[in-house]
Amino acid sequence: MAEGRPVSPARKTVGRPPEMSNGRFLDERQRRILLALAGTWVLTLVVKPVLAITILNALITLVYVIVLLYNAAWFRQSLKVPELVQVSDWEARSIPDDELPTYTVLVAAYREGNLIADTLLMLELLDYPKDKLEIKLLLESDDSQTILAAMRALAGSQIRIVHVPAGQPRTKPKALNYGWQTSSGELVTVFDVEDIPDPLQLRRAAVAFQRLDPSVVCLQARLQYHNASQNLITRWFAAEYMTWFSTMLPALIRMGSPIPLGGTSMHVRASALRTVGGWDPYNVTEDADLGIRLHRQGFRTLILDSVTFEEANVDFVNWVKQRSRWYKGYLQTWLVHMRRPLDTWRQLGALGFVGFCVVVGAAPVLALLNPICWLLVIIWFIGHYIQIKAVFPGWIFYPAMLCMFLGNFLAFYRNLVAVRIAGRPQLIPALMLFPIYWLMMSIAAVRAFAQMATAPSFWDKTMHGLDHRRVADGSELRWQSPPISR
Numbered sequence: 189m190a191e192g193r194p195v196s197p198a199r200k201t202v203g204r205p206p207e208m209s210n211g212r213f214l215d216e217r218q219r220r221i222l223l224a225l226a227g228t229w230v231l232t233l234v235v236k237p238v239l240a241i242t243i244l245n246a247l248i249t250l251v252y253v254i255v256l257l258y259n260a261a262w263f264r265q266s267l268k269v270p271e272l273v274q275v276s277d278w279e280a281r282s283i284p285d286d287e288l289p290t291y292t293v294l295v296a297a298y299r300e301g302n303l304i305a306d307t308l309l310m311l312e313l314l315d316y317p318k319d320k321l322e323i324k325l326l327l328e329s330d331d332s333q334t335i336l337a338a339m340r341a342l343a344g345s346q347i348r349i350v351h352v353p354a355g356q357p358r359t360k361p362k363a364l365n366y367g368w369q370t371s372s373g374e375l376v377t378v379f380d381v382e383d384i385p386d387p388l389q390l391r392r393a394a395v396a397f398q399r400l401d402p403s404v405v406c407l408q409a410r411l412q413y414h415n416a417s418q419n420l421i422t423r424w425f426a427a428e429y430m431t432w433f434s435t436m437l438p439a440l441i442r443m444g445s446p447i448p449l450g451g452t453s454m455h456v457r458a459s460a461l462r463t464v465g466g467w468d469p470y471n472v473t474e475d476a477d478l479g480i481r482l483h484r485q486g487f488r489t490l491i492l493d494s495v496t497f498e499e500a501n502v503d504f505v506n507w508v509k510q511r512s513r514w515y516k517g518y519l520q521t522w523l524v525h526m527r528r529p530l531d532t533w534r535q536l537g538a539l540g541f542v543g544f545c546v547v548v549g550a551a552p553v554l555a556l557l558n559p560i561c562w563l564l565v566i567i568w569f570i571g572h573y574i575q576i577k578a579v580f581p582g583w584i585f586y587p588a589m590l591c592m593f594l595g596n597f598l599a600f601y602r603n604l605v606a607v608r609i610a611g612r613p614q615l616i617p618a619l620m621l622f623p624i625y626w627l628m629m630s631i632a633a634v635r636a637f638a639q640m641a642t643a644p645s646f647w648d649k650t651m652h653g654l655d656h657r658r659v660a661d662g663s664e665l666r667w668q669s670p671p672i673s674r
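Counting from 1, position 470 in the sequence shown corresponds to residue 658 in our numbering; the numbering is continuous, with no gaps.
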């Protein structure tokens with residue numbers, strides 16, 4: 189079954205004012221402030237170069253100090269047993285079908301003809317009453333290969349193909365908005381084309397929403413990789429995901445900070461999604477932006493103890509493209525929400541605002557700066573050049589060195605702890621080479637900043653289907669957390 193209707197591809201979504209969209213890279217006020225600061229610094233650089241560079245180094249060091257202090261508190265919270273929303277298999281299956289809410293599942297795909305049959309198989313395995321389940325496969329109208337593959341695989345299925353009008357921006361959130369705005373589900377979730385979701389995930393989320401406070405409008409399922417051991421990159425990626433979804437996100441919730449959602453397996457009340465205006469079609473990490481906007485409206489997000497397995501990127505170039513898009517999207521999200529920083533501070537609270545700036549704003553910036561800092565330290569220890577000493581006086585140098593060594597150790601150690609908690613000791617040898625992974629992040633950050641200036645809403649597509657082994661039906665995968673001992 190297919191549907192489509194002629195509307196503007198990036199149509200305005202009710203509930204989201206223009207200043208809350210990344211349709212413009214910078215608003216007029218941000219542009220003026222940036223030009224004034226840059227002009228003042230360049231003028232100072234011409235007149236008093238040592239002073240200008242010293243001031244810049246002091247500001248960068250201050251950012252590193254704030255990030256280190258926040259990360260230390262964040263890590264301390266992550267050592268506690270995570271507060272996950274748990275719904276047992278029995279609870280999920282025992283609820284009568286007539287008590288379940290209607291559900292909309294959105295799957296956006298582009299140039300995925302090689303995977304679409306597997307995708308539809310996984311969607312058909314979802315355990316939910318058919319009369320209350322609406323699954324929409326969102327395909328670009330000019331993507332004939334994927335459309336034909338989907339039509340062949342959909343024979344006899346109730347899954348509907350939605351033809352998303354071609355046009356700019358060609359992004360996942362544009363497709364999600366297009367599919368969602370004609371949907372009827374009380375709950376909405378998103379899956380990616382390569383996902384292998386827990387078959388009971390929809391039931392778990394529905395039961396959880398019924399027993400949770402109405403202020404909880406979003407449940408983020410945990411994401412893991414089914415091909416974690418394929419190569420060194422997938423091992424690094426898997427360790428990073430274990431750290432993020434199993435320890436760091438629950439810690440952020442405990443600290444009262446906003447949650448940058450994952451791009452898949454986030455379950456949202458449709459009423460709340462309508463309140464915040466859906467997804468920003470111009471933001472290439474629409475998930476992170478949505479999480480911040482939900483928090484700003486006073487809504488809460490919790491972590492659902494249900495796993496969706498994804499395909500870890502196995503190729504270096506493909507990984508850099510994906511990570512640069514994530515960094516670019518984080519920059520977009522931070523800039524959009526900093527257009528009215530006092531409003532953001534008031535709505536997030538002081539700690540939430542700092543957390544937002546550290547987790548979303550600082551991540552791509554520090555990934556860009558880290559190799560420069562490492563290089564300066566190496567040059568200093570080799571030659572003790574007086575030029576470096578002149579712009580790094582003691583009151584800057586010692587805090588900067590402390591941040592460098594403690595920050596890197598903390599970044600390594602928290603991944604080590606997460607891998608140990610997850611019972612995956614086979615990933616520990618890969619962690620010994622984590623600095624290479626950090627360098628890859630820096631390469632991605634350079635690309636992200638370049639694209640911010642040249643193609644801010646360009647969606648750098650991630651190629652899927654590169655794993656050496658697809659899981660046939662998910663029967664060998666673990667859908668909930670094992671018992672935790674710390």
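Idealized CB from N, CA, C, for every residue including glycine.
ask   = Helix, strand or coil: how does DSSP classify serine 630 here?
value = helix
query = Since lysine 324 sits in a beta bridge, which residues does DSSP pair it with?
reply = Leu294, Arg348
request  = Provide the residue span of the alpha helix (DSSP H) that contains isoleucine 616, from first to last.
outcome  = 616-619
Contacting residues, own chain, Cβ-Cβ under 8 Å from leucine 627 (five flanking each side not counted) = Pro559
request  = Grab me the residues of leucine 482's own chain with a C-beta within less than 7 Å of its C-beta, minus the 5 sequence neighbours each way, in chain order.
outcome  = Val405, Cys406, Ala460, Val464, Thr489
ask   = Mind checking whether arginine 410 and serine 417 have CB atoms under 8 Å apart?
value = no
inquiry  = Does any residue of chain D have a CB that is nearer than 8 Å to the CB of leucine 619?
reply    = The structure shown contains no chain D; it is built from a single protein chain.
ask   = Which residues does DSSP pair with glutamine 535 in a beta bridge?
value = Note: glutamine 535 sits in no beta bridge, so no partner.
Proline 385 (DSSP reduced to helix, strand or coil) = strand
request  = Please list the segments of the alpha helix (DSSP H) lying wholly inside the stretch 556-585, counting only runs of 4 or more residues, in order along the chain.
outcome  = 574-579
ask   = In terms of DSSP beta bridges, what is leucine 411 paired with?
value = Thr496
task = Put alanine 198 into one of helix, strand or coil per three-state DSSP.
result = Caution applies to alanine 198, whose pLDDT of 44 falls short of 50 and renders its modelled position unreliable; the model cannot decide the point.
inquiry  = Which residue wins for smallest C-alpha separation from leucine 288, given the options Phe433, Tyr625, Ala393?
reply    = Ala393
key: Collapsed DSSP secondary structure at methionine 592 in the structure displayed   = helix
query = Span of the alpha helix (DSSP H) holding valine 505?
reply = 504-525
task = Can you grab the Cα-Cα spacing for the pair tryptophan 278 / arginine 391, in whole Å?
result = 11 Å
ask   = Anyone know if the C-beta pair for proline 270 and proline 438 falls short of 8 Å?
value = yes
request  = Just mark glutamate 216 as buried or exposed, buried being the case when its beta carbon has 16 or more other beta carbons within 10 Å.
outcome  = exposed
query = How many Å lie between threonine 290 and glutamate 499 at the Cα?
reply = 29 Å
request  = With DSSP collapsed to three states, give me the class of methionine 443.
outcome  = coil
ask   = Residues in its own chain within less than 8 Å of isoleucine 243 by CB, not counting five upstream and five downstream?
value = Trp229, Thr232
message = Taking 8 Å as the cut-off, does the stretch 500-520 touch the stretch 615-624 (at least 3 CB pairs, one atom from each stretch)?
response = no
ask   = Taking one C-beta from the stretch 425-444 and one from the stretch 260-270 each time, how about it: are there three or more such pairs within less than 8 Å?
value = yes
key: Classification of glutamine 369 by the beta-carbon crowding that lies within 10 angstroms, buried from 16 upward   = exposed
query = From what residue to what residue does the alpha helix (DSSP H) around histidine 483 run?
reply = 474-484
ask   = How big is the Cα-Cα spacing for glutamine 218 and leucine 314?
value = 46 Å
ask   = To which residues of the same chain is serine 645 closer than 6 Å at the C-beta, ignoring the five residues directly before and after it?
value = Pro357, Tyr470
ask   = What residue range is occupied by the uninterrupted beta strand (DSSP E) comprising proline 375?
value = Residue identity differs from the one stated: residue 375 is leucine in this sequence, not proline. Counting along the chain, the beta strand (DSSP E) containing leucine 375 begins and ends at 375-379.
key: Simplified DSSP assignment, three categories, for leucine 490   = strand
key: Cβ-based neighbour list, aspartate 477, same chain, cut-off 6 Å, excluding 5 preceding and 5 following   = Asp468, Asn471, Thr521
key: Residue nearest to tryptophan 514 in terms of C-alpha spacing, selected from Leu294, Val378, Trp647   = Trp647
key: Local Cβ density within 10 Å of arginine 281, reported as buried at 16 or more and exposed below that   = exposed
ask   = With 16 as the cutoff for other CB atoms within 10 Å, does proline 387 come out buried or exposed?
value = buried
inquiry  = Using a 10 Å radius around the Cβ and a threshold of 16 neighbouring Cβ atoms, would you call arginine 399 buried or exposed?
reply    = exposed
query = Between the C-alpha atoms of asparagine 596 and tyrosine 366, what's the straight-line distance to the nearest angstrom?
reply = 42 Å
query = Quick one: what's got a C-beta closer than 8 Å to leucine 434's C-beta in the same chain, skipping five residues either side?
reply = A quick correction: the sequence has serine, not leucine, at residue 434. Around serine 434: Pro270, Arg410, Ala606, Ile609, Ala610, Ser669.
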